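2 protein chains.
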Amino acid sequence: MVEKLIQHIQSIVPIDEEEVEIIRELVKEKNVPRKRFLHQAGEVASYSAFVVEGCLRSYTVDQDGFEHIVQFAPENWWISDMYSLVKNKPSELNIDALLESKVLLLSRTCQVSIFDRIPKLERYFRILSENALAASNQRTINYLSLTAKLRYEKFCDLYPTLIHTIPQKSIASYIGITPEFLSKLRAERN
Amino acid sequence: MVEKLIQHIQSIVPIDEEEVEIIRELVKEKNVPRKRFLHQAGEVASYSAFVVEGCLRSYTVDQDGFEHIVQFAPENWWISDMYSLVKNKPSELNIDALLESKVLLLSRTCQVSIFDRIPKLERYFRILSENALAASNQRTINYLSLTAKLRYEKFCDLYPTLIHTIPQKSIASYIGITPEFLSKLRAERN
DNA sequence: TGAAATTCTTAATGTAGGTTAAGAAAATAT
DNA sequence: ATATTTTCTTAACCTACATTAAGAATTTCA
Numbered sequence: 028m029v030e031k032l033i034q035h036i037q038s039i040v041p042i043d044e045e046e047v048e049i050i051r052e053l054v055k056e057k058n059v060p061r062k063r064f065l066h067q068a069g070e071v072a073s074y075s076a077f078v079v080e081g082c083l084r085s086y087t088v089d090q091d092g093f094e095h096i097v098q099f100a101p102e103n104w105w106i107s108d109m110y111s112l113v114k115n116k117p118s119e120l121n122i123d124a125l126l127e128s129k130v131l132l133l134s135r136t137c138q139v140s141i142f143d144r145i146p147k148l149e150r151y152f153r154i155l156s157e158n159a160l161a162a163s164n165q166r167t168i169n170y171l172s173l174t175a176k177l178r179y180e181k182f183c184d185l186y187p188t189l190i191h192t193i194p195q196k197s198i199a200s201y202i203g204i205t206p207e208f209l210s211k212l213r214a215e216r217n
Numbered sequence: 028m029v030e031k032l033i034q035h036i037q038s039i040v041p042i043d044e045e046e047v048e049i050i051r052e053l054v055k056e057k058n059v060p061r062k063r064f065l066h067q068a069g070e071v072a073s074y075s076a077f078v079v080e081g082c083l084r085s086y087t088v089d090q091d092g093f094e095h096i097v098q099f100a101p102e103n104w105w106i107s108d109m110y111s112l113v114k115n116k117p118s119e120l121n122i123d124a125l126l127e128s129k130v131l132l133l134s135r136t137c138q139v140s141i142f143d144r145i146p147k148l149e150r151y152f153r154i155l156s157e158n159a160l161a162a163s164n165q166r167t168i169n170y171l172s173l174t175a176k177l178r179y180e181k182f183c184d185l186y187p188t189l190i191h192t193i194p195q196k197s198i199a200s201y202i203g204i205t206p207e208f209l210s211k212l213r214a215e216r217n
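Pasting the structure below:
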């Protein structure tokens, strides 16, 4: 399982065998059954998770009980409650598995303490954060400038595999519309 | 001018005098008159800017000619077209000055090449990216779960100084509503 | 395999926020 | 100081998307 993470790191910052060994000992494997929480609103987050298999999501629940999905994490993606991790405070984010999943857990403490020994890892995470920020900004632009229909089409382009593996209502939640309205949009497209 | 940046870096990762000297030589000072572009859609971004004084913004222009603001950068903030910087491709972002401003420019090439010599700088930018990502996710949540009125109130809490220094229509653009509707919301509040 | 739970669809009705337009106020330039 | 441009406000009307409800399809699990 750890091999998948090592490969991912290698694809971004080449690391040597010694460093690989250290990383191998840093992470914990974990199976996450469908619907099982990895993190719940109100807790202080202390781990990031790398998805080896399956798909997780992070989301908030508003006052009316509606879920709003912040992130999907299919294979090879990291997921965490970055706000809680960084501020060391509880936040409103939940993280759970949409599909039966396998993840690697890395504690924040381990993560930041290893950076002095393996600066390449700090580079790896800097690059990931920069990419995630660019993607998040793009998502904001989509909200500000596109109709629901166009946001759905962009979503399909961006996550082609997810369309068939996760419930439609989760897609609706991510693009910011109701499942009923998504259903209507899909009907229009034939 | 550079002192302001040094102070900001020191507040996040303590650096020694030698490192300070290197940084001092890395950045270029620049005055940016109101409305002057720092970056235009279609160009490949090659600089990040640290705002010493004034306020910049990044935004897109949609097919109907409407502007959508992605980021405000008041004093002590960095602003860039992260997508373009990271992918080395042109994007749809413009960056210009909302107020008469002074910035420090750091080229991406300088930035990434200095990380091997000053790992603390890579840490500084990793931390900034993580914070920006957490903030961007929070903004996404606000979109998904709040009404325009509540988004406006959150904006006022988050950027109390901006409310009186930048045009209202810019705030409307940032929170994703028309200036007319913002005007209406404000009238309701007395 | 079959009952229960979850998800998806359709359709009627409702509303937050958009559009258009025109005048008032404020900022900027001459 | 005055003319010009930009921004803000108000109000009537409009629309994209939400809400509600109920049945159909699919998935889950005993």
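Residue numbers (this note's numbering), protein chains in the order written: chain B, 28 to 217; chain G, 28 to 217.
All C-beta atoms in this analysis are idealised placements derived from N, C-alpha and C, irrespective of residue type, glycine included.
Since we're looking at a predicted model, the values are computed, not measured.
Three-state secondary structure (DSSP) of residue i
| i | result |
| --- | --- |
| G:Asp123 | strand |
| G:Glu94 | strand |
| B:Pro206 | helix |
| G:Asn103 | coil |
| G:Thr134 | One point to set straight first is that residue 134 of chain G is Ser, not Thr, in the sequence displayed. In this structure, G:Ser134 counts as strand in the three-state DSSP scheme. |
| B:Thr87 | strand |
| B:Leu65 | strand |
| B:Asn169 | helix |
| B:Ser75 | strand |
| G:Gln80 | Note on residue identity: the sequence assigns Glu, not Gln, to residue 80 of chain G. In the structure shown, G:Glu80 sits in a strand (DSSP, three-state: E or B). |
| G:Glu70 | coil |
| G:Asn115 | coil |
| G:Ser38 | coil |
| G:Val54 | coil |
Proximity test, Cβ basis, 8 Å: residue i and chain B
| i | result |
| --- | --- |
| G:Gln138 | no |
| G:Ser73 | no |
| G:Ser38 | no |
| G:Glu207 | no |
| G:Tyr170 | yes |
| G:Pro117 | no |
| G:Glu6 | A question about residue 6 of chain G goes unanswered here, because the residues of chain G that appear run from 28 up to 217. |
| G:Arg144 | no |
| G:Phe152 | yes |
| G:Val29 | no |
C-beta neighbour in chain G for residue i, strict 8 Å
| i | result |
| --- | --- |
| B:Tyr110 | yes |
| B:Tyr179 | no |
| B:Asn217 | With a pLDDT of 48 at B:Asn217, under the threshold of 50, the modelled position of this residue cannot be trusted; read the value that follows with caution. Cβ-Cβ to chain G under 8 Å: no for B:Asn217. |
| B:Gln165 | yes |
| B:Asn103 | no |
| B:Phe182 | no |
| B:Asn158 | yes |
| B:Ala161 | yes |
| B:Val54 | no |
| B:Val59 | no |
| B:Val16 | The requested residue 16 of chain B is not part of the displayed model; chain B covers only 28 to 217. |
| B:Val47 | no |
Length of the line joining the Cα atoms of residue i and residue j
| i | j | result |
| --- | --- | --- |
| G:Ser172 | G:Tyr151 | 32 Å |
| B:Asn217 | B:Lys211 | Residue confidence is low: B:Asn217 scores 48 on pLDDT, short of 50, so the model does not pin down where it sits. Its coordinate-derived value is still stated next. Between B:Asn217 and B:Lys211, the C-alpha separation is close to 10 Å. |
| G:Leu132 | G:Leu53 | 9 Å |
| G:Val40 | G:Tyr86 | 30 Å |
| B:Ser200 | B:Leu160 | 20 Å |
| G:Lys181 | B:Asp108 | 20 Å |
| G:Glu215 | G:Phe208 | 11 Å |
| G:Asp89 | G:Lys55 | 32 Å |
| B:Arg61 | B:Ile198 | 17 Å |
| B:Val113 | B:Gln138 | 12 Å |
| B:Gln195 | G:Phe142 | 43 Å |
| B:Thr136 | G:Asp91 | 48 Å |
| B:Leu177 | B:Tyr110 | 29 Å |
| G:Lys147 | B:His95 | 36 Å |
| B:Pro117 | G:Glu45 | 38 Å |
| G:Ile193 | B:Gln37 | 45 Å |
Nearest-angstrom Cβ-Cβ length linking residue i and residue j, presumed shorter than 8 Å
| i | j | result |
| --- | --- | --- |
| G:Arg51 | G:Val78 | With a Cβ gap of about 18 Å, G:Arg51 and G:Val78 do not count as contacting. |
| B:Gly203 | G:Tyr170 | 6 Å |
| B:Phe153 | G:Arg153 | Reading off the sequence, residue 153 of chain B comes out as Arg, not Phe. Contact holds; Cβ gap of about 4 Å. |
| B:Leu120 | B:Ala175 | That pair is no contact at about 24 Å. |
| B:Val97 | G:Asn164 | 5 Å |
| B:His35 | B:Asn103 | 6 Å |
Residue i CB to nearest heavy atom of the ligand GTP below 7 Å
| i | result |
| --- | --- |
| B:Pro146 | With respect to the ligand GTP, the structure offers nothing, as it holds no ligand at all. |
Please name the residues in the region 76-106 of chain B whose beta-carbon is closer than 7 Å to at least one beta-carbon of chain G, in chain order.
Thr87, Asp89, His95 and Val97
Interfacial residues, the region 192-204 of chain G to chain B, with Cβ spacing under 7 Å
Gly203
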